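Here is the structure we will look at, set down as structure tokens.
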Amino acid sequence: MTKAKLTLRGPEPNRWKWEEAGVIFVVSHGAVQGSEAGVAPSIREMVQEFDLPLDVIRQQKPRVSESIGQCIDKSRSGNSLNVAVLKNEINEQRRTSNELRPGLVILVDPNQFDPFQGTDEHTWTFGKQELGYYGESHPDGVCVLRYYHREAVRHELAHMLGLTQHCTNASCAMHYGCRVAQFCAECDKKLRRICFIEQL
Ligand SMILES: [Zn+2]
Ligand SMILES: [Zn+2]
850 MTKAKLTLRG PEPNRWKWEE AGVIFVVSHG AVQGSEAGVA PSIREMVQEF DLPLDVIRQQ
910 KPRVSESIGQ CIDKSRSGNS LNVAVLKNEI NEQRRTSNEL RPGLVILVDP NQFDPFQGTD
970 EHTWTFGKQE LGYYGESHPD GVCVLRYYHR EAVRHELAHM LGLTQHCTNA SCAMHYGCRV
1030 AQFCAECDKK LRRICFIEQL
């Protein structure tokens, strides 16, 4: 087997280069422990589809969960989690410690957290647009999920890889409604352009 290196050439150059770790950790927070078992296969499926040299690992080390739990505690006010603050807290940890350096897909309990008020606007519920209903993701390698179905996982993972834009095509996973799992030809092409793979 040959080794390969991934470089993400998305629009945000000053981000944490999580892809250098070659790993995505899937971590559960709180009452949803064990849900990584359902989410990890959707991530692996996409990793294979795009030939990404990334290992997808269900991370259950207590120290990793604790560190993420502490970062979440610093970024929340009651049921409201500020994912941009969380990303900064995680990046702060990453400077001094190895354990949070990979890409992080963090599953949180939708009963404990309201839809995120961040930058990633999503679905339509009861005729109005909800913010971060399924999750919110940053190209720094921080993806927080409130819902774990395949469509949402793929949509958010694409954001984490650096595909920041939504798609106007309703039959594409990058549409904000996120009703299908497949990417349209356009978004597929964009993602492949962002994910630069070098054979070593
Ligand atoms: Zn989105
Ligand atoms: Zn699309």
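Numbering (our numbering), first residue to last: 850 to 1049. All C-beta atoms in this analysis are idealised placements derived from N, C-alpha and C, irrespective of residue type, glycine included. No experiment lies behind these values; they were computed from the predicted model shown.
If residue i sits next to residue j, beta carbons under 8 Å apart, how far is it from one beta carbon to the other, in whole angstroms?
{"i": "C874", "j": "P988", "result": "Per the sequence shown, residue 874 should be read as Phe rather than Cys. That belief does not hold up - the Cβ atoms of F874 and P988 are roughly 16 Å apart, past 8 Å."}
{"i": "F1021", "j": "C1044", "result": "As written in the sequence, residue 1021 is Cys, which differs from the Phe given in the question. Between C1044 and C1021 the Cβ distance is about 17 Å, and since that is not below 8 Å, they are no contact."}
Which of the three DSSP states is assigned to residue i in this structure?
{"i": "L855", "result": "strand"}
{"i": "Q1048", "result": "strand"}
{"i": "D904", "result": "strand"}
{"i": "G1011", "result": "coil"}
{"i": "S916", "result": "helix"}
{"i": "V875", "result": "strand"}
{"i": "V957", "result": "coil"}
{"i": "S986", "result": "strand"}
{"i": "G833", "result": "Missing from the structure shown is residue 833; the chain here goes from 850 to 1049 and no further."}
{"i": "C1033", "result": "coil"}
{"i": "S929", "result": "strand"}
{"i": "L949", "result": "coil"}
So the candidates are the options; which of them puts its Cα closest to the Cα of residue i?
{"i": "G927", "options": "E915, K854, F965, V954", "result": "F965"}
{"i": "S1051", "options": "P902, D904, D958, V913", "result": "For residue 1051 there is no data in the structure shown, the boundaries of the chain being 850 and 1049."}
{"i": "N947", "options": "R893, G859, V913", "result": "V913"}
{"i": "A933", "options": "L949, D900, G981", "result": "G981"}
{"i": "G871", "options": "L901, I955, N1018", "result": "L901"}
{"i": "P860", "options": "A1001, T1013, A880", "result": "T1013"}
Inset, instruction - Check whether the region 911 to 922 touches the region 996 to 1012, taking contact to mean three or more Cβ pairs, one atom from each stretch, closer than 8 Å. - result: Output reads no: the region 996 to 1012 does not touch the region 911 to 922.
Legend entry - For review: beta carbons within less than 6 Å of any heavy atom in ligand 2: Ordered along the chain, residues surrounding ligand 2 are C1016, N1018, C1021, M1023, F1032, C1033, E1035, C1036 [Cβ under 6 Å from any heavy atom].
Inset, instruction - Take every Cβ of the region 899 to 917, pair it with every Cβ of the region 876 to 889, and state whether three or more of those distances are shorter than 8 Å. - result: At 8 Å Cβ cutoff, the stretches touch.
Inset, instruction - Could you say if the region 1028 to 1041 and the region 1003 to 1013 meet the contact criterion of at least three C-beta pairs nearer than 8 Å? - result: A contact exists between the region 1028 to 1041 and the region 1003 to 1013.
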